[in-house]
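Enquirer: Sharing a structure here in structure tokens format.
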Amino acid sequence: MAAESAIERPSVAGVLETALYVDDLVRASAFYDRLFGFPKLFADARLIAYDVAGRSVLLLFAAGASATEQRLPGGSIPAHDGQGGAHMAFAVDAAALPGWERLLADLDVAVEGRVSWPRGGESVYFRDPDGNLLEIATPGLWATY
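Under the numbering used here, the sequence shown is numbered contiguously, ending at residue 293.
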């Protein structure tokens with residue numbers, strides 16, 4: 149076996165999809181539509197796919213709906229599922245953060261936490277109706293952002 153440092157790895161362009169699992173797809177869709185207004189790329193009884201800033205896709209899966217292999221005309225998707233409060237963060241410009249905080253307040257979405265990061269970023273934390281922890285984060289959070 150080759151040493152890890154000697155492994156040649158093909159490049160990765162980024163994270164394409166992020167998946168959250170929800171108990172009520174209609175309720176979750178209403179929340180994400182109202183708060184973010186992301187364009188829907190696809191929707192059925194199993195999942196909703198949202199375009200996030202033209203760079204990534206947010207998948208909301210009905211909990212349990214993908215727990216078995218999904219056979220499609222072009223192949224199959226292995227079983228997957230999740231439960232419990234997952235976490236994801238949305239990148240926003242620093243100048244947009246006050247507007248996001250106002251929108252959360254206007255929509256009665258409770259802010260559960262705030263962090264001012266040592267690198268200069270700011271984060272605001274809140275939950276979706278299924279208990280997933282969502283974050284709005286400004287540049288400075290990570291060395292890469």
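Here a beta-carbon is modelled for each residue, glycine too, at the ideal position from N, C-alpha and C.
Taking the alpha-carbon of PRO277 as reference, which of LEU255, LEU245, THR216, ALA291 has the nearest alpha-carbon?
Expert: The count along the sequence shown starts at 1 and reaches residue 277 at position 129. Out of LEU255, LEU245, THR216, ALA291, LEU255 has the C-alpha closest to the C-alpha of PRO277.
Enquirer: Output the boundary residues of the beta strand (DSSP E) element that contains ASP199.
Expert: Position 51 of the sequence shown holds residue 199. First-last of the beta strand (DSSP E) with ASP199: 195 to 200.
Enquirer: Report the rounded CA-to-CA distance for GLU260 versus LEU245, giving the unit in angstroms.
Expert: Numbered from its first residue, the sequence shown carries residue 260 at position 112. Numbered from its first residue, the sequence shown carries residue 245 at position 97. Looking at the two C-alpha atoms, the distance is approximately 15 Å.
Enquirer: Runs of 3 residues minimum, wholly inside the stretch 213 to 253: which ones carry the beta strand (DSSP E) assignment?
Expert: Runs of the beta strand (DSSP E) inside the stretch 213 to 253: 218 to 220, 223 to 225, 235 to 239.
Enquirer: Distance, Cα to Cα, HIS228 vs GLU165?
Expert: Taking the sequence shown and counting its residues from 1, the one referred to as residue 228 is at position 80. Taking the sequence shown and counting its residues from 1, the one referred to as residue 165 is at position 17. Those two C-alpha atoms are separated by around 14 Å.
Enquirer: Given VAL170, which residues of its chain have a CB within under 8 Å of its CB, disregarding the five upstream and five downstream residues?
Expert: Taking the first residue of the sequence shown as position 1, residue 170 is located at position 22. Cβ within range, chain order: ALA176, LEU208, PHE209, ALA210, ALA211, ASP276, PRO277, ASP278, ASN280.
Enquirer: State the DSSP-derived secondary structure class of PHE274, mapped to helix, strand or coil.
Expert: Position 126 of the sequence shown, counted from the first residue, corresponds to residue 274. DSSP places PHE274 in strand when its eight states are reduced to three.
Enquirer: Counting only the same chain and skipping the five closest in sequence on each side, list residues whose C-beta sits under 6 Å from that of ILE225.
Expert: Within the sequence shown, the letter at position 77 stands for residue 225. Counting only Cβ-Cβ distances below 6 Å, and skipping sequence neighbours, we find GLN218.
Enquirer: What are the boundary residues of the beta strand (DSSP E) that includes TYR169?
Expert: By one-based count along the sequence shown, residue 169 stands at place 21. First-last of the beta strand (DSSP E) with TYR169: 165 to 170.
Enquirer: What residues are listed by DSSP as bridge partners for ARG262?
Expert: Counting from one through the sequence shown, the residue named residue 262 turns up at place 114. Note: ARG262 sits in a beta bridge opposite VAL272.
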